[in-house]
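Everything below concerns the one structure shown next.
There are 2 protein chains.
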Amino acid sequence: MSDTRKPGLSRRGLFGATAGGAALLGGLGGSRLALLAGAAGVTAATAADAAATGAEVPPGQLDDYYGFWSSGQTGELRIFGVPSMREMMRVPVFNRCSATGWGLTNESLKILTQDQTPENKAFLAKRGLKAFQNGDLHHPHMSFTDGTYDGRYLFMNDKANTRVARIRCDIMKPDKIIDIPNAHDIHGLRPQKYPRTGYVFCNGEHEAPLVNDGKILDDPKQYVTIFTAVDGDTMKVAWQVIVDGNLDNVDADYQGKYAISSCYNSEMGMNIPEMTASETDWAVVFNIKRIEEGVKAGDYKEMNGVPVLDGRHGSKYTRYIPVPNSPHGVNTAPDGKYVVVNGKLSPTCTVLDLSKIDEMFEKDLDPRYAVVAEPELGLGPLHTAFDGKGNAFTTLFLDSQVVKWDIDKAIRAFAGEKVDPIIAKIDVEYQPGHNHTSMGETKEADGKWLISLNKFSKDRFINVGPLKPENDQLIAISDGKFEIVHDGPTFAEPHDCIMVRRDIVNPLSVYKRDDPMWEDARKMAEADGVKLEDGADQPIRDGNKVRVYMWSSAPTFSLEKFTVKEGDEVTVTITNVDDVDDLTHGFTISNYGVAMEIGPQATASVTFTADRPGVHWFYCQWFCHALHMEMRGRMFVEPKAI
Amino acid sequence: MSDTRKPGLSRRGLFGATAGGAALLGGLGGSRLALLAGAAGVTAATAADAAATGAEVPPGQLDDYYGFWSSGQTGELRIFGVPSMREMMRVPVFNRCSATGWGLTNESLKILTQDQTPENKAFLAKRGLKAFQNGDLHHPHMSFTDGTYDGRYLFMNDKANTRVARIRCDIMKPDKIIDIPNAHDIHGLRPQKYPRTGYVFCNGEHEAPLVNDGKILDDPKQYVTIFTAVDGDTMKVAWQVIVDGNLDNVDADYQGKYAISSCYNSEMGMNIPEMTASETDWAVVFNIKRIEEGVKAGDYKEMNGVPVLDGRHGSKYTRYIPVPNSPHGVNTAPDGKYVVVNGKLSPTCTVLDLSKIDEMFEKDLDPRYAVVAEPELGLGPLHTAFDGKGNAFTTLFLDSQVVKWDIDKAIRAFAGEKVDPIIAKIDVEYQPGHNHTSMGETKEADGKWLISLNKFSKDRFINVGPLKPENDQLIAISDGKFEIVHDGPTFAEPHDCIMVRRDIVNPLSVYKRDDPMWEDARKMAEADGVKLEDGADQPIRDGNKVRVYMWSSAPTFSLEKFTVKEGDEVTVTITNVDDVDDLTHGFTISNYGVAMEIGPQATASVTFTADRPGVHWFYCQWFCHALHMEMRGRMFVEPKAI
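Quick note, the sequences are listed as chains A and V, same order.
For the first sequence, numbering that gives the first Met the number 0 gives the first residue as 0, with consecutive numbering after it.
For the second sequence, numbering that gives the first Met the number 0 gives the first residue as 0, with consecutive numbering after it.
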């Protein structure tokens, strides 16, 4: 099946780099039919029998893949089962979670605050806050060993407040959340694939003065963009590189040599006409070895404790490969040979041959020397996924389609051969952004499932009001299939996802008592002569600080009541001594804004001021037992005035 | 099929009201097989072909029912599609939402704060907060007219911080969140069914001193429990009634005469042995007409602006009907004749004949005069749902089963006839709490679908770590079926749900410009001489208060940049002038903790202090356009020191 675009249709005609041209795109929100009027699209059938494609997971059966979904501005990670597309778990990361107490408990606040910049700490303190309460989590990726997922960690960005987080896959909770200094608004993020992670590469998307203290304001010439490598083991920033252009997405190679970022707005424009003025922007290639040598040689400026190298045009650390206007996604093929840079405002994808990059750094070559293909695929190509069998799948945002194409044929066509790389197109509903194939960003890509994360759902679901869900569509791609088998509504905004084979992920079901998460609580208890799992019969008073130690075992807390004084700073520490799978307890103090999760064998604590006198019930809010409602007790707050 | 319990097995033997007896229940977390060892259970087949039962909703097809799910301690409402069991939308209510800015925007803060008690306002202010950031949302129920859903509102409780919320079904956002004074920890909630809602009945679960200022602490004899009727139109508390015993769940009749609450812990015990000591507790019946007359006659004490009547034993306003130990769910059958009170610690359900309640209030009758059946159903009956065809479905928490039984046969058996009311039992996975049938709490119960909301999922899904999802199972019940067709993992904790026919719910897709939600923003703009949809070219300064008005239209904000001074109190008000379905914009200010949703034709605003000098990008975080990433601008904060 051939490309549906009319040959000769001018890209500039559709995407003229003027405000007027941009305004033409305003119709995107409209129906696809209106958008595509005149495009003689021939598409693959979308009707599908889910059962026939093996997408159904009957009651009691397990999914084959873990799906790790971002949530965009919701700030959490989501765990899906694939192919059932059921959301299995939410993992609060950058957001404040009412259920688990993430952002309230001492254990979560430690993770949220211990790697904050002093500037952020001060900024938040002025608001009476310890941590930001929002995040914009776009790109969740697993740690690699030898080119494939190793089940250790998940890494993810926060564009809203310039942070990077790590989740431990043994317990599926974050253990590190770090502020990235110097950079602004981390967007694209990918881990080093080889030999292992290693580095986590993070794109600072937005440009700003290098020292952003207000002395430079409306002077874009003095703005810079920062690329960051985080050490995935220590979660410290290893080094940063100043680059030209806004960094968008990033991927790594399979040799541990390079990271490649897409850069839009090479113009350093401050509005859409300026940002889209140039016909070309670029992909920037980072030479990891040279950068490490530069750091060793002291070829950097230290800023906020981080070595910052200059990687702007002319630097030995980078190469800028011109690609058509405003590239977006960057995706390394599982064979390790090619990187696909997706055109966004160009109907093309640019294929880079990674084997040519060494030479580009060593010799003074044509900057497009590594470009080996540039197929025209359709309108608005944003991201590409792979089946490990030589095929690529690219989302076409404007066409609301996914195009399947043959990488080898695209290369041959670029070399002049009369061959059409496009295999098929499929309609998706509507306007796809990221896509992903099962294991598709590893050398073990298995070509079974493709997800298209669509930004609009419009009429695909029962109407739930002005705010509609996104629509994550599951597409069967094994054995030559190319069929949508599931429409999946999701809350804002599953920006990106990965699909990991089940055998790679092996979490615990019950916490280990010596987990580092409650190390501080353990030390505090030891200092008080208390064993966490035994609790204490009475609150321990230390001036106006009061420490309450309890255990929980369905359906009781170890204390039926405890007494504090108005104005006391109270720390309640609870250890769930139940060691049964799925037996999570909760601890809520009514009308005190206190609620937290305590997993089996876990310890959790919360500190608050007892500034409301009276009788206040605490209760277990995680259903645990037939006598769950009876699992409660009283906190007495003696008033000052009596 | 008969009850699986061994005849003659003593309830006291299983549920001895001693600490030791309670401890026996600790094994609930274990596998059902272990629990049920020795119980010769014969169950209906659970294997099911989902496709054959019509539970599949293929891509592009719409669900037949709206499912409104609570989220327990997560604090939000969830909208599901049934039978696909896909989560369509999250509606933040009591929680702080990173994506929508609920709890941050001026519009949401108005709803969250305008009906706070002065005591709560002061308590929160001490913490630097305007609203609580957590909630425990158990029971979502729709407004009724003439015994069935009318599609106007959804009402729901917050047990954690004693609140009640209302959601407008036209836009699916809360418009009222009120603190309930005098009461503690609102649990059960149901709307008046007839003639309309009318009242929303709210159970204060926990007992406390009537004036809880700390003068009375460890003196349970002076504790009381409060039943509240909220006016569902004005969202003001109409009246409250003091009762004996802890209020658990509640339901209303189909005549507008009575509300019936279950009361556990009639003992007013303060720990499990005390709470479960008595063989019987009670259902308390509230006589609405008498209470209204009492209010008119001034037979109340006014407390915090609310008339509080005394409905304790001996009152004319209430009747206390003894039922076996620790009743839990209360469910009125769709025929309007019967109410089922579920036994929890008794293996029985108690059926009350509503037609006998009038007499009970008028004459001095046996307090169990209205009891017409008390079938033994199995272990741990918690909630009952109905198919509108005379059958009832009761969750058995301990047995991990749902039992289908015949109400009429139960009544005949109670009268002495040798007839077994139990029709069938089905295993559910695991430990079910609430259940619900399609339209089952209305006179239009249609007997198509049953949901069992199970508290544990254990091994039913891929392992996602120590915190496991709940498991909402969909059961086909039409045409005599009784089959599980879908296992649905859900994040903490879908405590309760309702399923509403699709034709009843008709939300808008685009906001009306004159929506009251942004009335304050409109007034502020008018005072500034600005039209919201036109924005203002420059910030409007008023001392150190600065107001910025922008419109958004994909892919631009009307301002490319604006300037404020360090320390200014800045209010940014954005009006989304796009009027296309699903074209929501967002507004995030990087590194400022600011992010909010602006639906099509909506206005949203946020107020913050500009205490971080420098260049700060604002951007649209709700994917809107091919040039979405270019939809951004700069806030310049001029430093004080320059």
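Note that beta-carbon positions come from the ideal geometry of N, C-alpha and C, so glycine has one too.
Asked: Between the CA atoms of K403 of chain V and F392 of chain A - distance to the nearest angstrom; Found: 50 Å
Asked: Buried versus exposed, by CB contacts within 10 Å (16 or more), D536 of chain V; Found: exposed
Asked: Proximity to S508 of chain V [Cα-Cα], best of V:W517, V:M595, V:A601; Found: V:A601
Asked: Short Cβ contact (9 Å threshold) for P538 of chain V with G213 of chain A; Found: no
Asked: Pick from A:E278, A:F143, A:G297, A:E361 that is closest to T317 of chain A, judged by C-alpha positions; Found: A:E361
Asked: 7 Å Cβ cut-off: residues of chain V touching N653 of chain A; Found: Outside the modelled stretch of chain A, which goes from 0 to 641, sits residue 653 of chain A, for which no answer is possible.
Asked: Rounded distance between the beta-carbons of P366 of chain A and I421 of chain A, thought under 8 Å; Found: With 8 Å as the limit, I421 of chain A and P366 of chain A do not qualify as a contact, their Cβ atoms being about 27 Å apart.
Asked: Under the three-state DSSP convention, the category A524 of chain A falls into; Found: helix
Asked: Contact list for M141 of chain V against chain A, beta-carbon separation under 8 Å; Found: Neighbours of M141 of chain V on chain A: none; closest Cβ ~14 Å, over 8 Å.
Asked: Interfacial residues, the region 199 to 210 of chain V to chain A, with Cβ spacing under 8 Å; Found: E204, H205, A207, P208
Asked: Any 3 or more C-beta pairs closer than 8 Å across the region 596 to 611 of chain V and the region 427 to 437 of chain A; Found: no
Asked: As assigned by DSSP and simplified to three states, the class of S261 of chain V; Found: strand
Asked: Secondary structure of N119 of chain A, DSSP reduced to three states; Found: helix
Asked: For L626 of chain A and D48 of chain V, the rounded distance between their alpha carbons; Found: Here D48 of chain V scores only 44 on pLDDT, less than 50, and its place in the model should not be relied on; the value that follows carries that caveat. C-alpha separation (whole angstroms): 35 Å.
Asked: Alpha carbon of Y298 of chain A to alpha carbon of L308 of chain A, nearest angstrom; Found: Inspection of the sequence shows that residue 298 of chain A is occupied by Asp rather than by Tyr. Straight-line Cα distance between these residues: approximately 7 Å.
Asked: Buried/exposed call for R540 of chain V, threshold 16 Cβ in 10 Å; Found: exposed
Asked: Completely contained beta strand (DSSP E) runs for the region 110 to 169 of chain A, where each covers 3 or more residues; Found: 140 to 144, 147 to 157, 162 to 167
Asked: Neighbourhood of A491 of chain V by C-beta, 6 Å cutoff - its chain only, sequence neighbours within 5 removed; Found: G71, Q72, T73
Asked: Cα-Cα separation, E482 of chain A to T555 of chain A; Found: 52 Å
Asked: Neighbour flag for K447 of chain A against chain V, beta carbons, 9 Å; Found: no
Asked: 9 Å Cβ cut-off: residues of chain V touching I170 of chain A; Found: G464, P465, L466
Asked: Chain A contact for K560 of chain V (CB, 9 Å cutoff); Found: yes
Asked: Alpha-carbon spacing of L128 of chain V relative to C619 of chain V, whole angstroms; Found: 26 Å
Asked: Distance, W101 of chain V Cα to P91 of chain V Cα; Found: 7 Å
Asked: I290 of chain A - DSSP class collapsed to helix/strand/coil; Found: helix
Asked: Three-state secondary structure assigned by DSSP to W517 of chain A; Found: helix
Asked: Interface residues of chain V facing D454 of chain A [CB-CB closer than 7 Å]; Found: Here residue 454 of chain A is Lys; the residue named in the question, Asp, does not match the sequence. Under the 7 Å cutoff, chain V gives F622.
Asked: Distance between beta carbons of E568 of chain V and T147 of chain V, contact taken as under 8 Å; Found: With 8 Å as the limit, T147 of chain V and E568 of chain V do not qualify as a contact, their Cβ atoms being about 49 Å apart.
Asked: Whole-number beta carbon distance between Y253 of chain V and G134 of chain V, since they are thought to touch under 8 Å; Found: Actually they are not in contact, since the Cβ atoms of G134 of chain V and Y253 of chain V sit about 30 Å apart, beyond 8 Å.
Asked: Listed by chain order, chain A residues near N590 of chain V by CB distance under 7 Å; Found: N160, T161
Asked: Anticipated Cβ contact below 8 Å, I497 of chain A with M141 of chain A, distance rounded; Found: 6 Å
Asked: Burial state of P468 of chain A (16 or more Cβ within 10 Å); Found: buried
Asked: Inter-stretch contact (C-beta, 8 Å, three-pair minimum) for the region 542 to 556 of chain A and the region 569 to 578 of chain A; Found: yes
Asked: Neighbour list for T73 of chain V in chain A, Cβ cutoff strictly below 8 Å; Found: C96, S97, A98
Asked: Proximity below 9 Å, CB of H205 of chain V to CB of R631 of chain A; Found: yes
Asked: Simplified DSSP state of L353 of chain A, which is helix, strand or coil; Found: helix
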